[in-house]
Structures are given as structure tokens and as C-alpha cells.
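These protein sequence lines map, in sequence, to chains A and B. FYI, the numbering for the first sequence is 420 to 728, going by my numbering. FYI, the numbering for the second sequence is 420 to 728, going by my numbering. Each residue gets a CB set at the ideal place from its N, CA and C atoms; glycine is no exception. See structure below.
Number of protein chains: 2
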Amino acid sequence: MRNIRITGCGAALPENTVHFGDQTRYRMKDGQTLLDLAEMAVKEALDNAGLSIENIDLIIGGTATPLQAIPCNASLLHERIAKGTSIPAFDVNSSCTSFITALDMSSYLIDSGNYKNILIFSGDTASAALNPSQKESYELFSDTATAFVVSACHGESGVISSKQCTFSEGVHDTEIRGGCGLMTAFKMTDENKEDYYFDMKGKRVLKLAAKKIPDFLEEFLSETGTNIDDIDFFIPHQASKALRLIMDRLGVPKEKYIDRVKEWGNMISAAIPMGLYTAIHEGTVKRGDKIALFGTAAGLTINMLYMIY
Amino acid sequence: MRNIRITGCGAALPENTVHFGDQTRYRMKDGQTLLDLAEMAVKEALDNAGLSIENIDLIIGGTATPLQAIPCNASLLHERIAKGTSIPAFDVNSSCTSFITALDMSSYLIDSGNYKNILIFSGDTASAALNPSQKESYELFSDTATAFVVSACHGESGVISSKQCTFSEGVHDTEIRGGCGLMTAFKMTDENKEDYYFDMKGKRVLKLAAKKIPDFLEEFLSETGTNIDDIDFFIPHQASKALRLIMDRLGVPKEKYIDRVKEWGNMISAAIPMGLYTAIHEGTVKRGDKIALFGTAAGLTINMLYMIY
């Protein structure tokens, strides 16, 4: 086990909500940015951990989308929360499961003894690139920021095992093709404008995920030497309304995972940490519980991290 | 020491060059993409290591700029080099020093025993966003891709120490503000078009770097318990023509570092690995040598990794 303890967590949702039938989605108002939300989430996480920014050894942006092409998101947030310090800052990006990857990387860094407290923030500006003509994705996503402090400990908490697989036959099923290096903003025309919006081929994603997840989970459990009933609680990515379908297929009863797709939608890289934050605050996840963070991401990536909270 | 051995490296430059006085720069031709170059660099690195893609446990994109807003660069390259496999893929981004951060992360992963061979690719599409009216940066950058294979070993090579500091008082001195979450392509107008180009305040970057680097290096040497003469060879980021000025100030003689700014310009995240690739191929860096990878990045970040090659 790689010793690491979640010592603080924070989350910030925009005040502004929109509704599609019985579904609620959070969207930033004009002028508000993800950095505003992230700053609030970090403040809550540090307070919750009883730490100040000077106690942090490293800031990781575990985010799915860039705020600017240069520099990295963590440097941009650094200006808000750590200006005047020399705390290192970089991003780790595995799309929607970036928080899992960042937490996993942190477990190696902290377990080595070289780092004591790492701050991970996650979140994306979903609303910036939603396509009004693609109803399925337009009505699915929310803007949110989350922050977690993870700290050194003495064996009472930690990452038991982790696994990521990427299946690039699905790489074009979830993308924003335009705006960056392959197709810059300068190349936008009336004809290719759709390429600059978020584009999700929902059925294809679901089909590939449903095909790959059962084997992935079986391998994960076998490599970890555990079985699904040993896992006290699942924090799955809130990918879509199909969440229940996927969890049913895996044989996870609904009292053992969090499902807030109706209340939140898909919060991209903030979805998993928001699920964990909520489960901690509601008392569903308690110290000593064995929990699994789990999700699919654009890539197509499947990611899982099993830990003692 | 975190045991890790560089077992293969590759690099690919575009055929197309441009010249500014005695300075040569590499720029991709229309239709060519960074993925084309990266694919070539990966092939060379795998051949050099005597490995095939099936031997790779993880693909890290150690890149400074996104090719698409979604998914991460490593997933996009996965399609070219690893389609049909389940090799995990994610990005690590500390701007121009992303290769150092990715190599450093890899040293933790491999030294843990959980990973055997990691593939790191670096490179950016500099030419996509250069501003013709900002001569200093327009004439500085080149497009390049590099790839390295890093592998488990038995103590003969490894990372002795590493250090990153981020000073966000310089965060707006090097940026591409437009194209992503904070200012999408949809918001481009004739008035704000400049925001979508690469923007570097060269004098400010140099001033802040010159102020911070000496203390950074002193702390690094002190924490590592070594002195500058123990370092056999430096691979500095080829940030600008001021490279020699900085190295002079640090007291590093010119035979102990690579300087190809005239021949290559600044290759962004590929600059440091391209320097290392060249030093390995030219025999300047030999097995057992103690080398320091070192550079500044947008952030402002200063990054250093000291290792036995």
C-alpha cells in the first residue's frame, strides 16, 4: 500500500443553474471563470485540512481541459492561491479521470517520503464549448471545481492498487477538435465551426465502455487479489444517465455507489472528486472504508483506484 | 537514487526550415502534424531500445501545449502507435520543462517496481500560434518531436535528485491566452486576435529567471549535497540566445553544456529531450555520466533533474 491520506477537500459550484426536464446543471455566469471556483474550492480544502498554502509541497492540476494553451492550469491557479511562494505546479491529464491519475501520482510521490502535502484541483469549463445543436451533450454537463489535500500518513490510509487502460479505438468518440495545436482558432470558418464545440458520440462511447469495463474490472480485482464485495463504496464518474446501467452490469448494488447525474450532470474532471467530497460530507464514506474511484474518460480511458480512506 | 535507465531515444524534425540571419528554425509544412513527427520519434526510440510497443507499460505526453482541448495528447498519439492495445496514456504538463517532470514522475513509478518501461514523448506545434508581428518570438521557435524510453534497472543509472519551483509573478509573461477554456475560439474578434497568438515578454522572463535561478541552483546543490563541478554535463532548455549569459552567470563552462539555439531555436517541450538526444548521439553524454537537465518554463517554472545516465 502506498501511504497517503486525504486530509482536506473542497468544492465550488456556480450559483447559476439550468434545468432540462428533471435534470439540474450548473453553469458559470458571464465573467466568472474556473479559476474563481477553484480558488474557493482550494480555500475550503485547506481549511478542512487545517493547513495553509505554505504547507503545500506541490500543486497538481488534475484537469481535463486547458484554460489556456500556455501555461498549464496549475500555474494559472498558482497566481490566485500561491503567488509569492515557489511551490511547484504542473498538470496531469487523463481527461475525465485526471483526478484519479493525479491522486495515483501523488501516492507515489508522498509514499517516497519526498512530499508531505499535495494539493490537487480538478474542474473544467464545460459550458465554454457545449454545442446547442448536440442535445445529448448540451444537456449533460456542469461547471464545477474541486480541491483535495493529500498528505503523508503512517499506514492508516493509502492506495491499495490502481489501474488505467487506454483504448484508442475510441479516441475520436469524445473530443473538442478545434482551438488548439491541431486546428487553431485562426482556422475557424463557418463551415468547420462544429469542430470547435465539444463533440460526443454517446452511443459509441457507451458501447465501447460496456465492452471493455467488465474485463478491466475482472483484471483489476484479480491483480489486486480482492473481490467486488470487499469494496465498501464506489465513487464512479458521473458520465451519463447510463451510470446505473453500467453499475448494474458490474453487480454493484445502488447503495454502494454515488449517483447524482440528475442533480449535477457530468462535471468532467470534477465529477469523481465531487462524488468523493459529497460521500465524505454525507458520511457515506468513513475513515477506514475501502473505496474505489472509477471512471471512463475520453481516450477511451478506463481508470480505477482502490484505497483505504 | 530512484533507479531508472534511459534505454532508447528518438527525434524527428520537419524537413522544412526557415532562416533569420544566421539562425535556423524548423517549421512543419501545411498538412503535417506533430503526431506525424511524434510517430517517427517513437519508432526510433523503440528501435533504439530494442523494444516493441507491447513492452511499454505507460505512454506519457510530456508536452507544453494541447493538440486538442479533449482528449489529452497521449491518447491522440496512442491511436498512431498503440491502437489495439490497452496501454495507459496521459499527459504531464509543466510547459517547456514537461519532459523533466515526466521523467521525474517516471522515476517514481519505475522505482516502485510497478512499471518496467515507460514511453515519454515531447514536442509542440510552435508554428501554429507564432505572431508575425512579435519578431522576438516569431524568429525563435521550432517544431520538433522527441521520444524516450525509460526502463527499470539495477542501480547503474537513476535520478539522484530533482527540484521544481513555480513563481507565478511571471505567469503572464509567456502565454497563449486564447483558444481554450478561458477565451474560446468563438470569442475571437478583430480586436482581440493578438490574444490567440503566442505572447512572450522576453525581457521580463529573462529578468525574473536571472533573479530566481542562482538561488534555485544553490538550494538544489545544497539539498542534493553536491557542488556544480560534480555535474559532468548540463542539458539546459534552449530558451533563447540568452542561454550563454545564464550559463556564464552560473559558472558553467561552455564545454559542459549543449547550446544549439543558433541551429534549432527554442523547441518548447522538445528542447531539453532534443538536447539530451543529441548529446547521447554525439557521445558527449556517456553511460555513468552525472548529468543535469535544467530549464525555465512558462509559469514561471524552474526545473532541474540530476541523474546518472
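> Are any of the Cβ atoms in chain B nearer than 7 Å to that of A/Pro485?
Replying inline: A/Pro485 counts as touching chain B.
>> Let me see if you follow: with CB-CB separation under 7 Å, is A/Thr443 close to chain B or not?
In response: no
> Count the other CB atoms within 10 Å of the CB of B/Phe439; is the residue buried (16 or more) or exposed (fewer)?
Replying inline: exposed
> Taking the alpha carbon of A/Thr715 as the point to measure from, which residue in A/Tyr725, A/Tyr615, A/Tyr728, A/Ile687 has its own alpha carbon closest?
Replying inline: Cα-wise, what sits closest to A/Thr715 is A/Ile687.
>> Does the CB of B/Met607 have a neighbour CB from chain A at under 7 Å?
In response: yes
> Nearest chain A C-beta to B/Pro507 closer than 7 Å, yes or no?
Replying inline: yes
> What are the start and end residues of each continuous alpha helix (DSSP H) run of 4 or more residues lying completely inside the region 631–718 of chain A, in chain order?
Replying inline: With a minimum length of 4 residues, the continuous alpha helix (DSSP H) runs that stay inside the region 631–718 of chain A are 662–669, 680–683, 690–701.
> Shortest alpha-carbon distance to A/Met447 belongs to which of B/Leu495, B/Thr443, B/Leu601?
Replying inline: B/Leu601
> In chain B, which residues lie less than 9 Å from A/His497 when you measure between Cβ atoms?
Replying inline: Contact note: A/His497 reaches chain B through Thr585, Phe586, Ser587, Val590, Gly718, using a C-beta cutoff of 9 Å and chain order.
> Along chain B, in chain order, which residues have C-beta atoms closer than 7 Å to that of A/Thr544?
Replying inline: Gly600
>> I'd like the span of the beta strand (DSSP E) that includes B/Ala729, first residue to last.
In response: It is not possible to answer for residue 729 of chain B, since the shown part of chain B is limited to 420 through 728.
> Which bits of chain B does A/Tyr615 rub up against, with CB to CB less than 8 Å?
Replying inline: Thr603, Ala604, Phe605
> In chain order, which beta strand (DSSP E) runs of at least 3 residues are fully inside the region 512–571 of chain A?
Replying inline: Fully enclosed beta strand (DSSP E) runs of 3 or longer: 536–543, 563–570.
> Using a Cβ-Cβ cut-off of 7 Å (strictly less than) and excluding sequence neighbours within five positions of B/Asp614, which residues of its own chain qualify?
Replying inline: In chain order, Arg596, Gly597, Met602 place their CB closer than 7 Å to the CB of B/Asp614, counting only its own chain and leaving out the 5 sequence neighbours on each side.
>> Less than 6 Å between C-beta atoms, sequence neighbours within five positions excluded: which residues of the same chain meet that for B/Ala751?
In response: What is shown of chain B runs 420 to 728, which leaves residue 751 of chain B out entirely.
>> For chain B, check one thing: does any of its Cβ atoms lie closer than 7 Å to the Cβ of A/Val671?
In response: no
> Of the choices B/Leu496, B/Gln442, B/Met666, B/Trp683, whose alpha-carbon is the least far from that of B/Ala457?
Replying inline: B/Leu496
> Can you find a C-beta in chain A that's less than 7 Å from the C-beta of B/Lys620?
Replying inline: no
> Where do the ends of the alpha helix (DSSP H) carrying B/Arg499 lie?
Replying inline: 492–500
>> Suppose you measure from the CA of B/Cys584 to the CA of A/Pro507; what does that come to, to the nearest Å?
In response: Looking at the two C-alpha atoms, the distance is approximately 4 Å.
>> Rounded to the nearest angstrom, what separates A/Thr443 and A/Ser531 at their Cα positions?
In response: 42 Å
> So, helix, strand or coil for A/Arg424, using DSSP?
Replying inline: Strand, per DSSP.
>> In this structure, how does DSSP classify A/Lys582 when only helix, strand and coil are distinguished?
In response: strand
> At least one CB of chain A closer than 7 Å to the CB of B/Ser513: is that the case?
Replying inline: Under the Cβ criterion of 7 Å, B/Ser513 is counted among the residues facing chain A.
> What residues from the region 429–456 of chain A come within 9 Å of chain B, judged by C-beta to C-beta, listed N to C?
Replying inline: Thr452, Leu453, Leu454
> Between which two residues does the beta strand (DSSP E) carrying B/Leu465 extend?
Replying inline: Counting along the chain, B/Leu465 falls outside any beta strand (DSSP E), though it belongs to the alpha helix (DSSP H) covering 453–468.
>> So, with DSSP's three-state summary, where would you put A/Phe617?
In response: coil
> Below 7 Å between beta carbons: does that hold for A/Cys491 and B/Ser514?
Replying inline: yes
>> Using only the alpha-carbon positions, how far apart do A/Lys709 and A/Gly574 sit?
In response: 14 Å
> Helix or strand or just coil, what does DSSP make of A/Leu625?
Replying inline: helix
> Short check: CB of B/Gly481 to CB of B/Phe518, under 7 Å?
Replying inline: yes
>> Counting only Cβ pairs nearer than 8 Å, list the residues of chain A close to B/Tyr725.
In response: The contacting residues do not exist; B/Tyr725 stays about 14 Å from chain A at best.
> So what does B/Met723 bridge to, in DSSP terms?
Replying inline: B/Lys582, B/Phe713
>> Is there a Cβ of chain B sitting closer than 7 Å to that of A/Asp510, yes or no?
In response: yes
> In whole angstroms, what separates the C-alpha of A/Ala545 from that of A/Asn512?
Replying inline: 16 Å
> Cβ atoms of A/Thr426 and A/Ser570: under 7 Å apart, would you say?
Replying inline: Cβ atoms of A/Ser570 and A/Thr426: closer than 7 Å.
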